[in-house]
Amino acid sequence: MRALFLDIDGVLNHGDTETYFEAEKVQILNKILAATDANLVVTSTWRIGATPEEMDEVLTSQGILPGRVIGVTPDLDDQRGQEICEWLRAWADCYGIEKIAILDDRSDLGPLVKALVRTSKAKGLTEQDANLVIQYLNSKFLLPLMA
Ligand SMILES: [Mg+2]
348 MRALFLDIDG VLNHGDTETY FEAEKVQILN KILAATDANL VVTSTWRIGA
398 TPEEMDEVLT SQGILPGRVI GVTPDLDDQR GQEICEWLRA WADCYGIEKI
448 AILDDRSDLG PLVKALVRTS KAKGLTEQDA NLVIQYLNSK FLLPLMA
């Protein structure tokens with residue numbers, strides 16, 4: 348299975364519009380999901396206090412393809428790289444995760460930065476970002492799950 352670790356603010360919206368998802372960005376994410384068959388693990392602060400099922404409902408209500416959210420990362424005091432590592436430690440075998448990519452406007456990911464496609468907070472998710480994620484997830488080469 349392919350997993351895309353998804354931030355929301357600065358990805359599905361941009362600038363200071365951090366209270367909603369932008370339809371144009373949602374369409375770009377759906378293009379990634381359709382092209383890669385990836386499932387989503389939500390890393391954004393939007394996940395705090397929500398189950399994966401609840402996050403899937405939130406994303407679906409915003410137009411994202413339904414049933415894609417398989418997880419939310421644990422809350423480890425906003426250390427995003429560590430949170431993703433913890434999620435992988437707990438679930439990668441269970442889900443048979445073979446390939447990952449990370450979409451985020453932050454880059455404090457430690458060794459996992461190798462799997463990052465970094466968006467700009469000023470623009471949010473672009474077509475170019477999406478093409479990179481698709482390349483990562485569809486490449487024949489396994490990305491390192493842990494360095
Ligand atoms: Mg962000």
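Numbering-wise, the numbering used here comes out as the position in the sequence shown, counting from 1, plus 347.
Glycine included, C-beta positions come from ideal geometry on N, C-alpha and C.
The model shown is predicted, which means the values in this text are computed figures rather than measured ones.
Rounded distance between the beta-carbons of residue j and residue i, thought under 8 Å
i	j	result
L479	L376	Their Cβ separation, rounded to whole angstroms, is 13 Å, which puts L479 and L376 out of contact at 8 Å.
A462	A448	5 Å
S408	D354	With a Cβ gap of about 18 Å, S408 and D354 do not count as contacting.
W434	P421	7 Å
I379	I481	6 Å
L459	C432	7 Å
Closest by C-alpha distance to residue i, when choosing among the options
i	options	result
F352	A385, I411, K378, T407	A385
G457	R427, E474, R415, V388	R427
L359	L450, K487, V419, Q475	L450
M348	V460, V416, T466, E433	V416
I395	E371, G418, L459	G418
V373	Q429, E474, K468	E474
Y367	D452, G410, E400	G410
DSSP state of residue i mapped onto helix, strand, coil
i	result
M493	Its pLDDT being 41, under 50, M493 is placed unreliably by the model, and nothing is read from it.
R349	strand
G396	coil
L450	strand
L376	helix
G443	coil
G428	helix
Residue interval of the alpha helix (DSSP H) (run including residue i)
i	result
L359	That residue, L359, is in no alpha helix (DSSP H); it is neither H nor E in DSSP.
G418	Unbroken run through G418 is the beta strand (DSSP E), 416–419; no alpha helix (DSSP H).
V460	First-last for V460: undefined, no H or E at that position.
L387	Here L387 belongs to no alpha helix (DSSP H); instead the beta strand (DSSP E) covers 386–389.
I481	474–485
Contact under 9 Å by Cβ, residue i with residue j
i	j	result
A350	K446	yes
V464	D455	no
H361	S486	no
D356	D452	yes
L406	V388	no
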